[in-house]
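**Q**
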Amino acid sequence: ITTAYCIAEHDPSKKVILVDDGEICSGETGRTTAHLQIEYDDHYFAIAHMFGDEIARLVCQSNQQAVDFMENLIKKEKIDCEFERLPGYLIPVKESHIKDVIDKEFKASSKAGMNVELLETDDKLPKYPVDYPRSHWLRFVNQGQFHPLKYLYALTQILTKKYPNVEIFTNTHVLDIQDDNKEDGTGEVYVITSDNKRIDCKKMVLATYVPINDRVTMYTKMAEYRTYAMAFEIDKGVVERALYWDTEEPYNYHRLTSDDKPNSSKELLIVGGKDNLVGHELTSY
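Residue 181 in the UniProt record's numbering sits at position 181 of the sequence shown; the count goes up by one each step and never skips.
1) Among K266, Y244, A112, which residue has its Cα nearest to the Cα of I91?
2) Can you tell me whether I7 is helix, strand or coil according to DSSP?
3) Counting only the same chain and skipping the five closest in sequence on each side, list residues whose C-beta sits under 6 Å from that of V271.
4) Return the chain-ordered list of same chain residues with a C-beta closer than 6 Å to the C-beta of K104, the five sequence neighbours on each side being excluded.
5) Give every residue of the same chain whose Cβ lies closer than 6 Å to the Cβ of C25, excluding the five residues on either side of it in the sequence, and list them in chain order.
6) Output needed for D200: all residues of its chain with C-beta closer than 6 Å, excluding positions within five of it in sequence on either side, in chain order.
7) Is DSSP giving H254 helix, strand or coil here?
8) Which first and last residues belong to the alpha helix (DSSP H) in which K161 is found?
9) Distance check for A207 and A108, CA to CA, integer angstroms please.
10) Is there contact here, the stretch 42-62 with the stretch 109-121, by at least three beta-carbon pairs under 8 Å?
11) Near T32, which residues of its chain fall below 7 Å by C-beta distance, leaving aside the five closest residues on each side in sequence?
12) Pull up the distance between the alpha-carbon of I79 and that of V67, whole angstroms please.
13) How many angstroms separate the CA atom of S194 from the CA atom of H173?
14) Can you name, in chain order, every residue of its own chain whose Cβ lies under 7 Å from the Cβ of R134, other than the five neighbours on each side?
15) Let me make sure I understand the geometry here. Which of Q145, D275, E77 has the alpha-carbon closest to that of L159?
16) Quick one: measure Cβ to Cβ for E233 and D259, integer angstroms, because I've assumed they're closer than 8 Å.
17) Reducing DSSP to helix, strand and coil, say where residue 317 ends up.
18) If you draw a straight line from the C-alpha of F106 to the C-alpha of E95, how long is it?
19) When the cut-off is 8 Å and only beta carbons count, does L268 lie next to chain B?
20) With DSSP run on the structure shown, which of helix, strand or coil describes R139?
21) Starting from A231, trace the alpha helix (DSSP H) in both directions and tell me its first and last residue.
22) Could you tell me if D131 is buried or exposed, where buried requires 16 or more neighbouring beta carbons within 10 angstroms of its beta carbon?
23) Could you check the C-alpha separation between Y89 and E82 for me, to the nearest Å?
24) Taking the alpha helix (DSSP H) that Y128 falls in, what are its first and last residues?
25) For the alpha helix (DSSP H) containing N72, list its first residue and its last residue.
26) Work out the CA separation of Y225 and V278 for me, nearest whole Å.
27) Relative to the C-alpha of R85, which candidate in P211, A48, R241 has its C-alpha closest?
28) Using CA atoms only, rank isn't needed, just tell me which of Q145, G144, F146, K127 is closest to W137.
29) If you count every other CB in all the chains shown that lies within 10 Å of the CB of T247, and 16 or more means buried, which is it?
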C-alpha cells in the first residue's frame with residue numbers, strides 16, 4: 001500500500017493497480033507488534049562479520065531512512081496512527097551475554113552509525129520490573145512505534161480518494177507472473193490471476209515479503225516459525241515507555257500502547273516472542 005502511494009504521489013497521472021490476495025490489512029502487517037526499530041534483529045556484529053562493515057552501515061542507514069520516511073509521510077498526510085519516537089533497549093538475559101552479545105553489538109552498532117549508549121549501572125536503567133540483569137543494557141535513541149492497521153486503513157482511504165488512477169483489487173490471487181521485459185523497454189510484463197484474468201503492466205513490484213516468483217526460489221532457503229504475542233493491562237508508569245528486546249534465542253520483545261479508553265489510568269503491555277518452528281513438537285511453553 002505504501003509502495004502504491006509512493007508511485008501515485010510521484011506521478012498522479014500514472015495508472016497503478018494494487019492486487020491483494022486477501023482483504024486490505026488482513027495479512028502479517030496487521031498482526032505485527034509494530035516495533036519500528038533501527039537496531040537490527042540479528043545484530044550488526046553478525047552482519048559485519050558476514051558481509052563487512054560497509055554493508056552493516058548501509059543496513060543501518062536503510063533502517064533509519066525507512067523510519068524517517070514513515071514519519072514524514074504520516075505528518076504530511078496527517079495520519080492518526082499513534083506514531084511515536086522513543087528509545088529502544090537491548091537487554092542481556094544472562095551475564096555471559098554481556099560479553100557475547102552486548103559488548104560486541106555496542107561496538108558494531110556504533111560503527112554502523114547507530115546512536116547507542118552502554119548503560120553499565122542500575123541507576124541509569126529505565127523502570128522495568130522484570131528479572132533481567134540490571135547492568136550493561138544498550139540504549140538506542142530515536143526508535144519508533146505505531147498502529148499498523150490505523151496507518152494502512154488511512155493510507156488506503158487517501159489512495160482511493162486522492163488518486164483516481166489507483167485501482168485496488170482485493171481477494172485476487174496471483175497464479176503466475178511473467179517478466180520478459182528487456183533493457184530497451186520491449187517485452188511483456190503481466191500477471192495471471194486464479195480466475196484467469198490478465199493484468200499487463202510496464203513495471204511490477206512484488207511486495208510480498210518473500211518473492212512469489214520462482215526465479216530465486218527463496219522459500220526453499222527459509223524456515224517457517226510461529227511467533228506469539230499477548231497484551232496485558234498495567235498501571236501507567238509501571239514500565240517506562242520504550243521498546244524492549246532481550247538476548248534470548250529466540251528473543252522476546254515488549255512495548256507499551258494506549259488502551260484507547262478516555263482518561264484511563266491503564267495502558268497495555270504487548271509482549272511477544274517464544275518463536276518455534278512450525279511442524280515441530282513443542283518441548284516447553
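We put the CB at the ideal spot given by N, CA and C, even for glycine.
**A** Let me lay it out:
1) Your numbering for residue 91 matches position 91 in the sequence shown. Residue Y244 is the option with its Cα nearest to I91.
2) Your numbering for residue 7 matches position 7 in the sequence shown. DSSP places I7 in helix when its eight states are reduced to three.
3) Here the question's residue 271 lines up with position 271 in the sequence shown. Excluding sequence neighbours, V271 sits near M230, H254.
4) Translated into the one-based positions of the sequence shown, residue 104 becomes position 104. Contacts found: F45.
5) Taking the first residue of the sequence shown as 1, we reach residue 25 at position 25. Cβ neighbours of C25 beyond the five flanking positions: L149, L152.
6) Numbered from 1 along the sequence shown, position 200 holds the residue referred to as residue 200. Excluding positions up to five away in sequence, the list reads Y190.
7) Numbered from 1 along the sequence shown, position 254 holds the residue referred to as residue 254. It is a strand residue.
8) The residue labelled residue 161 in the question sits at position 161 within the sequence shown. Here the alpha helix (DSSP H) through K161 covers 148-162.
9) As a working note, residue 108 is residue 108 in the sequence shown. As a working note, residue 207 is residue 207 in the sequence shown. Using only the alpha carbons, I get a separation of about 30 Å.
10) yes
11) The count along the sequence shown starts at 1 and reaches residue 32 at position 32. Around T32: P148.
12) Position 79 of the sequence shown, counting from 1, holds the residue named residue 79. Position 67 of the sequence shown, counting from 1, holds the residue named residue 67. Cα to Cα, the separation comes out at about 15 Å.
13) Translated into positions along the sequence shown, residue 194 becomes position 194. Translated into positions along the sequence shown, residue 173 becomes position 173. Spanning the two alpha carbons is a distance of roughly 6 Å.
14) To locate residue 134, count along the sequence shown from 1; it is residue 134. Cβ within range, chain order: D122, L125.
15) Against the sequence shown, residue 159 aligns to sequence position 159. That would be E77, whose Cα lies nearest to the Cα of L159.
16) Walking along the sequence shown from the start, residue 233 turns up at place 233. Walking along the sequence shown from the start, residue 259 turns up at place 259. Distance from E233 to D259 at the Cβ level is roughly 6 Å; contact confirmed, criterion being Cβ atoms closer than 8 Å.
17) Residue 317 lies beyond the residue range present for the chain, which begins at 1 and ends at 285; the question has no answer from this structure.
18) Reading the sequence shown from its first residue, position 106 is the one you call residue 106. Reading the sequence shown from its first residue, position 95 is the one you call residue 95. C-alpha separation (whole angstroms): 16 Å.
19) Protein chain content of the structure displayed is limited to a single chain, and chain B is not contained in it.
20) Within the sequence shown, the letter at position 139 stands for residue 139. Of the three classes helix, strand and coil, the one that applies to R139 here is strand, per DSSP.
21) Position 231 of the sequence shown holds residue 231. Note, A231: premise wrong, no alpha helix (DSSP H); beta strand (DSSP E) at 225-235.
22) The residue labelled residue 131 in the question sits at position 131 within the sequence shown. Counting Cβ neighbours within 10 Å, D131 comes out exposed, since fewer than 16 surround it.
23) Locating residue 89 in the sequence shown gives position 89, where the first residue counts as 1. Locating residue 82 in the sequence shown gives position 82, where the first residue counts as 1. Y89 and E82: Cα-Cα distance of roughly 20 Å.
24) Residue 128 sits at position 128 when you count from the first residue of the sequence shown. Note, Y128: premise wrong, no alpha helix (DSSP H); not H, not E.
25) Stepping through the sequence shown from its first residue, residue 72 is reached at position 72. 53-76 is the extent of the alpha helix (DSSP H) around N72.
26) If you number the sequence shown from 1, residue 278 lands on position 278. If you number the sequence shown from 1, residue 225 lands on position 225. Near 5 Å, if we compare the C-alpha coordinates of Y225 and V278.
27) By one-based count along the sequence shown, residue 85 stands at place 85. When only C-alpha atoms are compared, the closest one is R241.
28) For the purposes of this step, residue 137 is taken as residue 137 along the sequence shown, with counting starting at 1. Nearest option by C-alpha distance: K127.
29) The residue labelled residue 247 in the question sits at position 247 within the sequence shown. Counting the other Cβ atoms within 10 Å of the Cβ of T247 gives 16 or more, which makes it buried.
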